[in-house]
Amino acid sequence: MKVSDALSGAGLVALGGIVLWHVQGFPAMPGQKFGPAWFPGLIAVGLLVCGVVLLLRAPAGPRIALPEWTRRARPLAGVASVIGGLLFYVLAADKLGFYFTGFVLVLLWTRVLGAAWRPALPVAVVATVVIHLAFYKLLRIPLPWGVLERFAF
Amino acid sequence: MTTAILVQALALVFDPYVLWVILGSAIFGLFVGAVPGLTATMATALLVPVTFFMPPVPAIASIVTATAMAIFAGDIPSCFLRMPGTPASAAYTDEAYAMTKKGQGELALGAGLVFSVIGGLFGTAVLILAAPALAEVALKFSSFEYFWLVVLGLASAVFLALANPLKGIVSLLLGLLVASVGLDNPAGFPRFTFGNAELAGGLTLIPIMIGMFAVSEILRSVAAIDKPWEMAQAKIGNVFQGMWGLMRRYPLQTLRGSVLGTAIGALPGAGADIAAWMSYAVSKKFSKERDKFGTGHVEGIIEAGASNNSAIAGAWIPALVFGIPGDSITAIVIGVLYIKGLNPGPTVFMQNAVQIYAIFMVFILANLIMIPLGIAAIKGAKQMLRAPRELLMPVILLFCIVGSFAINNSAFGVLLMLGFGIVGYLMEENGFPVAPAILGMVLGAMLEENFISSMIKADGRLLAFFERPIAAGLGALTLAVLLVPLLRYAARIRRT
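What follows is the structure in structure tokens.
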């Protein structure tokens, strides 16, 4: 997605303004000139200045231009499935567990990206099991069991 | 350095476990480097969770080996697919492909390998000699010198290396803003946490890096998933054929590439990819056969190939001595060094001398085993490049998820990874470079801390920043780096 320099500039000005306004509420350090607001405040001023320069120097053109791949079915579905799938993991992994979410996601992604069922199914099973064993058993990362809690090992 | 330290370091490296880790990481690095869309930085980010449970030396060894291999292996798809395997090979991809088309694919791959090894060893030699010497000087540094070093690093990242400094500055500022989230500031005040406990500790870097370097890269690959890779045919026999002749014919180019590469690597914010671009340009500029460049001429590949591998080692110099990363790989490495108790800084060469020298040995070893493994990778290139992306990318994504989760054992890491993955993708798409943002995130705390403590010591007098001799020199250099491009820029605007 191409965002025009004018729009990014405006966004940066807004971000800088909000940060600058927000840090006004930070407490001062007694007896010191440089409190916690100083550093982010300076960054915010920098963002404001850069945003204004970007805005002023921006060449004319569309504000937002969709890249050419968004008009092709498989890439569009692929990118959507990656973003959606990761969100799904964040929301569901604790309840459903790693085995279930991992398997579903790999199967979804391989299929959407164009793999046939025959390689997709075994890859989803093997990838989930191997990554789980490596991280859960060898590296002792407490990956969630979720619905499979009863079978935890 | 005493012999006792060397012997102990040798024993650390030539431990069977460490050697297996090195071999495994080498194969991993070669694969990641050879497959377009997977980069050396991504390899490092993905290795971090795995290294968590290793002792310090194998943990660092895995990253050193994997990155060195990946930067070389990036040359392989340049020859077959006209696609760089990592951004560090992009500078001479067209040249290498043109050589394959002329029937010289074998020569291009051989030169890529041999001069990668030479460059890597050169950078390693400089690292071994320069880092401890610099550390002696750095022992005398106070917060004033560190402040200037950080500013110098940030300034050079933005100005020396980029086509569009303004967007570089924006990227840097965004990184600094991310770094200021949380409690970790001189005042200990929770900034931008909005009462959220996950944010109080600050935004964890590893999920952010996996997002910006791996997820954004995967998004790019997925967006081009329906474009098949077309493989050029090349007969691969003895890749060393003619290498001796090239070494005798282009010694100056090899040296120049290695020196420039090490220097660019050591410069904060600029790494192997920028080193390769600059060396290729230098090679073309000073070549006697300038008109042959672009038509499949090996000279630029030699210089830039040596350059990008020497940059890998060069980047470790400021990372080890000052804790200031030389490139985006060492930006990740610094975090690992802290976790492993090898806190970067001048004292690491005394307190952890054995481990540091063991790491130096791994650098040498990694560059030496690159010869046999590199030949194997070149021979197996066709198989590697046939790895189906529609199966590979989902598995890597699952790996990314687990890696981001593993740092704090929380799904928040996965959310961070996704958010910064999208941000990284959009930034690159719109000409905002990602590397300055990463540098800002890594150095933000150091910048603020050294500034505040200097200001407290100096009681608010800015002149104090120039009163110590080294600080004054560093300060003057920093101001020059900041002012020269600005003046040039102003002059250009006045002309147009």
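Chains A and B, in that order, are what the protein sequence lines are. Just so you know, we're using the numbering used here here: the first sequence kicks off at -8 and counts up by one. Just so you know, we're using the numbering used here here: the second sequence kicks off at 27 and counts up by one. A virtual CB, placed ideally from N, CA and C, is assigned to each residue, including glycine.
Asked	Found
Cutoff 7 Å; reference I102/B; Cβ partners in own chain excluding five residues on either side	A60, G111, L135, A403, I404, A407
Proximal residues of chain A, C-beta to C-beta of V39/B below 8 Å	None at all; the shortest Cβ gap to chain A is about 23 Å.
Where V61/B sits in the DSSP three-state scheme	coil
Status (buried if at least 16 other CB within 10 Å, exposed otherwise) for I435/B	The residue you asked about is not Ile; residue 435/B is Asn in the sequence shown. Burial call: exposed.
Proximity test, Cβ basis, 7 Å: I34/A and chain C	Annotation note: the requested chain C is absent from the structure, which comprises protein chains A and B.
Chain B contacts made by the region 20 to 31 of chain A, where a contact means CB separation under 9 Å	M20, Q23, K24, F25, G26, P27, A28, W29, F30, P31
C-beta contact flag for I86/B and A66/B at 7 Å	no
Contacts of E455/B in chain A (Cβ-Cβ under 7 Å)	M(-8), K(-7)
Residues from the region 395 to 422 of chain B in contact with chain A, defined by Cβ distance under 8 Å	P414, R415, E416, L417, M419, P420, V421
Nearest residue (CA-CA) to L82/A, options P135/A, L3/A, I34/A, F25/A	P135/A
Touch test, the region 38 to 57 of chain B against the region 207 to 222 of chain B, Cβ-Cβ under 8 Å, three pairs minimum	no
Assigned exposure category for E243/B - 16 Cβ within 10 Å defines buried	buried
Contact list for R63/A against chain B, beta-carbon separation under 8 Å	D252
Three-way DSSP call (helix, strand, coil) for V460/B in this model	coil
Nearest-angstrom Cα separation, counted from V44/B out to L36/B	11 Å
Contact under 7 Å by Cβ, G7/A with L45/A	no
Per DSSP, cross-strand counterpart(s) of R217/B	G208/B
Sequence-distant residues of the same chain with beta carbon closer than 6 Å to I236/B, five excluded per side	A71, C426, G429, S430, M443
Where A84/A meets chain B, residues with beta-carbon distance less than 9 Å	I427, F431, A437, V440
Helix, strand or coil at V440/B [DSSP, three-state]	helix
C-beta atoms of S142/B and N335/B nearer than 7 Å	yes
Stretch-stretch touch, CB-based, cutoff 8 Å, three pairs: the region 471 to 480 of chain B with the region 209 to 218 of chain B	yes
Chain-ordered chain B contacts of F126/A [CB-CB under 8 Å]	P75, V428, A432
Where G317/B falls, given that 16 or more other Cβ within 10 Å makes a residue buried	It is Asp, not Gly, that sits at residue 317/B in the sequence shown. D317/B is exposed by the Cβ-count criterion.
Under the three-state DSSP convention, the category A156/B falls into	helix
Reduced DSSP secondary structure (H/G/I, E/B, other) of I55/A	strand
Chain-ordered residues of the region 240 to 269 of chain B with a beta carbon less than 8 Å from chain A	V241, I244, L245, V248, A249, A250, I251, D252
Near-chain A residues of the region 188 to 200 of chain B - C-beta to any C-beta below 7 Å	L192, I195, V196, L199
Contacts around E162/B, its chain only, beta-carbon distance under 8 Å, and the 5 residues preceding and following it disregarded	P372
Within 7 Å of chain A by C-beta, residues of the region 203 to 224 of chain B in sequence order	L203, S206, N211, A213, F215, R217
DSSP three-state assignment for K314/B, whether helix, strand or coil	coil
Cβ neighbours of T288/B in the same chain (closer than 6 Å, five flanking residues each side left out)	G149, V152, S336, G340
Residues near Y118/B by beta carbon distance below 6 Å, same chain, minus five either side	Y306, G326, I327, A330
Length of the line joining the Cα atoms of I195/B and D41/B	45 Å
Span separating the alpha-carbon of Y80/A from that of T92/A	7 Å
Short Cβ contact (7 Å threshold) for T126/B with A292/B	no
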